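Q:
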Amino acid sequence: MQVKLAVKRFDPEREQDQSYVQDYTLDVPDHYTVLDALIQTREEVDESLAVRCSCRASICGSCAMRVNGHAGLGCKTKLLDSMDKDGVVQVEPMGNQPVVKDLVVDMSVFWNKIRAVKPYLQPEGPEPEREYVASNDSMLKLLQTMGCIMCGACVSDCTVLEVNENFLGPAALAKAYRFVGDPRDGATNQRFGELDEPGGMWDCTRCFECVEACPKGVAPMDQIMNLREEAAAAGFTSTIGARHAEIFADTVKHSGWLDELQLAVKTPGMFNIGAQLHNMPVGIRAFLRGKLPPIVHKAIPSVRFVRRIFEKIEED
Amino acid sequence: MKYAFFPGCVSRGGCPELYPAALKVCERLGIELDEMVDASCTGAGVLQEKNKKLGDTLNARTMAIAERMGYDTIMVICSTCQGVMSRAKYTLDNDDTYRAEINALLAEEELVYTGNVQPKHLLWVLIEDVGLDKIREQVQQPLSGVKLAPFYGCYIVRPSDSLGFDENPERQTSLETLIELVGAETIDFAGKTRCCGFPILTINEKASVNMVANHTGDAKDLGADAMVTPCPLCHLNLDGYQPAAAKQRGKSISLPILHFPQMMGLAMGMSAKELGLQRHVIDTKPVQKKVGQV
Ligand code: SF4
Ligand code: SF4
Ligand code: FES
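Spelled out as structure tokens, the structure:
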């Protein structure tokens, strides 16, 4: 079949340092992946094209790139699934990481974030005579995060990293959960303390981009939610994020649905005058437009059943 | 055509203009709605941060109530409600043990979650159930010459495996389809499926407002007259925090944000007033003028 690759290129040695799109039209077998086509391009058409790869089998994590605007592994993405009606596939380097050349990005951003969460076991107490043992069952919930191949696709598409480079990001937070959830690790509270800081687990906007991008089913956002849930259960409840979730849950428990007024007023803290004043212009504008939630918040008729569900789950 | 109707919290709370607008559009198209007065909040992903099981149970309960009411579809008018309910459904339908645990929690109210009920946004109902031809018949005031930027909201596009895109691929371009159908022009831009920033508003306002600035600013730069969204939470941020976004960006944006039923209503000849366009933070008069209402 014929395919046209529209590749976003960047050459640091070019006079003008702007990136540009170059089209390559090739004849390839139907089963080809995007990476196969790029390699064929490099070998037969244009040896200056820079692309990073190794295993070609979704194992090593070297070949992450954006195909039609979304990050994934070049070697796992079939051309047939990616061509538009004119046979065009758009290929770009990953986002949120500086481009070195063409499709190759500088992954030090990625690695620095991984390093920041101390991605190694920090056991407590006297060293056992032999290895540290964990039961099979206790490790099952970590299988997902252990599947990470460090490709960077999730980081590429993270919406928060686009506006806040201090955010630890999906891969590092998923990795943090891999150790928080490990029964042999003794530094859980210290880890929670660090993850509670700005740029940590509460800065994720729950956009699912990382879940969509990850080629290995790690679902980083789900791991971040696990972190939040377990941190709150361990008593880390003072951040705005944790308080917000708590008050949200309280209002739903109370009436069955969300009381936005309560949530808005209570989250920053009733007596946090600075925050209340800061939020006032938004509130006033909303009020003037008749856009404020109802002051009288009525419970749903069968709210007692909702409360029972809360109680039963909270008991567990 | 009759559905169990789950209005969600925000359409009656922070965006009170959405609820009546959606109802009017449905009425015009002959969609009958049976409002689920006993359903609870979906948790919006926030409750799930505290306890995922709690969220799944509440959503299972809502779907079970709809089934008891005799429906197989719950119509929603919020991308977040859609996504959160769909995700709960996906989890429950793929894990028998978990479903049994959740059903045990529902037993006291004599409810059973079977998996036979699906949540469906009005956006999808219009395209899949009402049909484009029938809607076209109701377009009395085509929005010709109006340039509209679609903004979906994360939860109605991701995670794709729980949103039925395999069986219904047209869902992924549903907003554009309706924008064109009402005679307007689509302004395509990179931000249309990205996050509006609302979930981190209280945690990192600067980052959240930065997202608003990027999306509304980009759409404006591309010539959009307004942005259209099926998500009231996106609306809260894109409309309510646009003044802050303009400040951050250092130049005015002034891009009206329409709830998608308002766009439909305008095209059906309803007045801006009955659709609640005066209740937005960003002045909607420029769009009203464009559609010949001012
Ligand atoms: S869900 Fe969170 S971590 Fe994942 S891409 Fe979105 S903001 Fe980033
Ligand atoms: S979490 Fe997934 S997408 Fe992110 S680095 Fe690991 S394997 Fe790649
Ligand atoms: S080349 Fe190894 S993962 Fe693609």
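Protein chains in written order, with the numbering used here: chain A, 1047 to 1362; chain B, 764 to 1057.
Every residue, glycine too, gets a C-beta built ideally from N, C-alpha and C.
Model, not experiment: these values are computed from the prediction.
When you compare the stretch 847-860 of chain B with the stretch 804-820 of chain B, are there three or more beta-carbon pairs, one atom per stretch, that lie closer than 8 Å?
A: Contact between the stretch 847-860 of chain B and the stretch 804-820 of chain B is present, because at least three Cβ pairs lie under 8 Å.
Q: Any C-beta of chain A sitting closer than 7 Å to the C-beta of residue 801(B)?
A: In the second sequence, residue 801(B) corresponds to position 38, counting from 1. Interface residue, yes.
Q: Go to residue 1049(A), then tell me how far its beta strand (DSSP E) extends in each direction, as first and last residue.
A: For the purposes of this step, residue 1049(A) is taken as the residue at position 3 of the first sequence. Start and end: 1048-1055.
Q: Using only the heavy atoms of ligand 2, determine whether one of them is closer than 6 Å to the beta carbon of residue 1364(A).
A: The requested residue 1364(A) is not part of the displayed model; chain A covers only 1047 to 1362.
Q: With 7 Å as the limit, tell me which residues of the stretch 1037-1052 of chain B have their beta carbon closer than that to any beta carbon of chain A; keep them in chain order.
A: Within the stretch 1037-1052 of chain B, the residues whose Cβ lies closer than 7 Å to some Cβ of chain A are 1042, 1043, 1044, listed in chain order.
Q: To test your reading of the DSSP string, which unbroken alpha helix (DSSP H) runs of 4 or more residues are found completely within the stretch 1072-1099 of chain A?
A: Runs of the alpha helix (DSSP H) inside the stretch 1072-1099 of chain A: 1080-1086.
Q: Leaving out five residues on either side along the sequence, give the residues of the same chain with a beta carbon under 8 Å from the beta carbon of residue 973(B).
A: Translated into positions along the second sequence, residue 973(B) becomes position 210. Same-chain partners within the cutoff: 960, 1008, 1011.
Q: Using DSSP with H/G/I as helix, E/B as strand and the rest coil, what is residue 888(B)?
A: Counting from 1 along the second sequence, the entry for residue 888(B) is found at position 125. Here residue 888(B) sits in helix by DSSP.
Q: Where does residue 1190(A) land, buried or exposed, given buried means 16+ other C-beta within 10 angstroms?
A: In the first sequence, the residue the question calls residue 1190(A) occupies position 144. Classification of residue 1190(A): buried, given that the 10 Å Cβ count is 16 or more.
Q: If you measure from the CB of residue 1119(A), is any heavy atom of ligand 4 nearer than 6 Å?
A: In the structure on display, ligand 4 does not appear, and the ligands it does have are ligand 1, ligand 2 and ligand 3.
Q: Below 6 Å, is the gap between the Cβ of residue 836(B) and the nearest heavy atom of ligand 1?
A: Your numbering for residue 836(B) matches position 73 in the second sequence. No.
Q: So, at 8 Å on beta carbons, what are the nonlocal neighbours of residue 1162(A) in its own chain, with the 5 sequence-adjacent residues on each side left out?
A: Start at 1 with the first residue of the first sequence, and residue 1162(A) comes out as number 116. 1214, 1218.
Q: Check for me: the alpha helix (DSSP H) holding residue 744(B) runs from which residue to which?
A: As displayed, chain B neither begins before 764 nor continues past 1057, which places residue 744(B) out of reach and without an answer.
Q: For residue 1234(A), return the contacting residues in chain B, with the cut-off set at a CB-CB distance below 8 Å.
A: By 1-based counting over the first sequence, the position of residue 1234(A) is 188. Under the 8 Å cutoff, chain B gives no residues; its nearest Cβ is about 18 Å from residue 1234(A).
Q: Report yes if the CB atom of residue 832(B) is closer than 7 Å to the CB atom of residue 785(B), and no otherwise.
A: Here the question's residue 832(B) lines up with position 69 in the second sequence. Here the question's residue 785(B) lines up with position 22 in the second sequence. The answer is no: Cβ separation not under 7 Å.
Q: If we ignore side chains and look at the alpha-carbon of each, how far apart do residue 771(B) and residue 992(B) end up?
A: What you label residue 771(B) is simply residue 8 of the second sequence in a count that begins at 1. What you label residue 992(B) is simply residue 229 of the second sequence in a count that begins at 1. For residue 771(B) and residue 992(B), the distance between alpha carbons rounds to 16 Å.
Q: What residue range is occupied by the uninterrupted beta strand (DSSP E) comprising residue 1112(A)?
A: Position 66 of the first sequence, counted from the first residue, corresponds to residue 1112(A). Note, residue 1112(A): beta strand (DSSP E), 1110-1113.
Q: Given 6 Å as the limit, tell me if residue 1140(A) has its C-beta closer than that to any heavy atom belonging to ligand 2.
A: By 1-based counting over the first sequence, the position of residue 1140(A) is 94. Not so, every heavy atom of ligand 2 lies at least 6 Å from the Cβ.
Q: Considering only heavy atoms of ligand 2, does any lie closer than 6 Å to the CB of residue 1106(A)?
A: One-based indexing of the first sequence puts residue 1106(A) at position 60. Not under cutoff, so the answer is no.
Q: Is the Cβ-Cβ distance between residue 1251(A) and residue 1206(A) less than 7 Å?
A: Walking along the first sequence from the start, residue 1251(A) turns up at place 205. Walking along the first sequence from the start, residue 1206(A) turns up at place 160. Yes, they are a contact pair.
Q: Leaving out five residues before and five after residue 1080(A) in sequence, what residues of the same chain have Cβ atoms less than 7 Å from its Cβ?
A: Here residue 1080(A) refers to the residue found at position 34 of the first sequence. Cβ neighbours of residue 1080(A) beyond the five flanking positions: 1113, 1120, 1123, 1125, 1128, 1135, 1137.
Q: Strictly under 7 Å for the Cβ-Cβ distance: is residue 966(B) near chain A by that measure?
A: Sequence index remark: in the second sequence, residue 966(B) carries index 203 (1-based). Chain A, which has a Cβ nearer than 7 Å to the Cβ of residue 966(B), makes this yes.
Q: As a quick exercise: from 1049(A), 1059(A), 1064(A), pick the residue whose alpha carbon is nearest that of residue 1072(A).
A: Indexing the first sequence from 1 puts residue 1072(A) at position 26. The residue with the shortest Cα to Cα distance from residue 1072(A) is 1049(A).
Q: From this set, 1227(A), 1117(A), 1302(A), 1286(A), which residue's C-alpha is nearest residue 1149(A)'s C-alpha?
A: For the purposes of this step, residue 1149(A) is identified with residue 103 of the first sequence, where counting begins at 1. Nearest option by C-alpha distance: 1117(A).
Q: Who are the near neighbours of residue 1003(B) in its chain, counting only those whose CB is closer than 7 Å to its CB and skipping five residues on each side?
A: Position 240 of the second sequence holds residue 1003(B). Excluding positions up to five away in sequence, the list reads 1044.
Q: Under 7 Å between C-beta atoms, does residue 963(B) make it to chain A?
A: In the second sequence, counting from the first residue as 1, residue 963(B) sits at position 200. Output row for residue 963(B): interface = yes.
Q: Find the residues of chain B that neighbour residue 1290(A), judging by a C-beta separation of less than 9 Å, and give them in chain order.
A: For the purposes of this step, residue 1290(A) is identified with residue 244 of the first sequence, where counting begins at 1. Neighbours of residue 1290(A) on chain B, chain order: 809, 812, 965, 966.
Q: Go to residue 795(B), then tell me how far its alpha helix (DSSP H) extends in each direction, as first and last residue.
A: Start at 1 with the first residue of the second sequence, and residue 795(B) comes out as number 32. Segment 795-798 is the beta strand (DSSP E) holding residue 795(B); no alpha helix (DSSP H) there.
Q: Please determine, among 1298(A), 1210(A), 1346(A), 1187(A), the residue with the shortest C-alpha to C-alpha distance to residue 1276(A).
A: Numbered from 1 along the first sequence, position 230 holds the residue referred to as residue 1276(A). The option with the nearest alpha carbon to residue 1276(A) is 1187(A).
Q: Under 8 Å by Cβ, that's how I've got residue 1049(B) and residue 1024(B) pegged, so tell me the actual separation to the nearest angstrom.
A: Taking the second sequence and counting its residues from 1, the one referred to as residue 1049(B) is at position 286. Taking the second sequence and counting its residues from 1, the one referred to as residue 1024(B) is at position 261. Actually they do not touch by this definition, with Cβ atoms about 20 Å apart.
Q: Report the option in 1083(A), 1238(A), 1361(A), 1051(A) whose CA atom is closest to the CA atom of residue 1130(A).
A: Your numbering for residue 1130(A) matches position 84 in the first sequence. Nearest option by C-alpha distance: 1051(A).
Q: Kindly indicate which residue of 895(B), 907(B), 826(B) has the alpha-carbon position closest to the one of residue 1051(B).
A: Indexing the second sequence from 1 puts residue 1051(B) at position 288. Of the listed residues, the one whose Cα sits closest to residue 1051(B) is 907(B).
Q: Could you tell me if residue 1279(A) is buried or exposed, where buried requires 16 or more neighbouring beta carbons within 10 angstroms of its beta carbon?
A: Taking the first sequence and counting its residues from 1, one reaches residue 1279(A) at position 233. Counting Cβ neighbours within 10 Å, residue 1279(A) comes out exposed, since fewer than 16 surround it.
Q: Within the stretch 974-1055 of chain B, note down every full alpha helix (DSSP H) run reaching 4 residues or more, in order along the chain.
A: The qualifying runs are 995-1003, 1005-1012, 1023-1030, 1048-1053.
Q: Below 6 Å, is the gap between the Cβ of residue 1267(A) and the nearest heavy atom of ligand 1?
A: As a position in the first sequence, residue 1267(A) is number 221, starting the count at 1. Yes, Cβ of residue 1267(A) sits closer than 6 Å to a heavy atom of ligand 1.
Q: Comparing the C-beta of residue 1246(A) with each C-beta of chain B, is any distance below 7 Å?
A: Working through the first sequence from its first residue, we reach residue 1246(A) at position 200. It does not; no Cβ of chain B falls within 7 Å.
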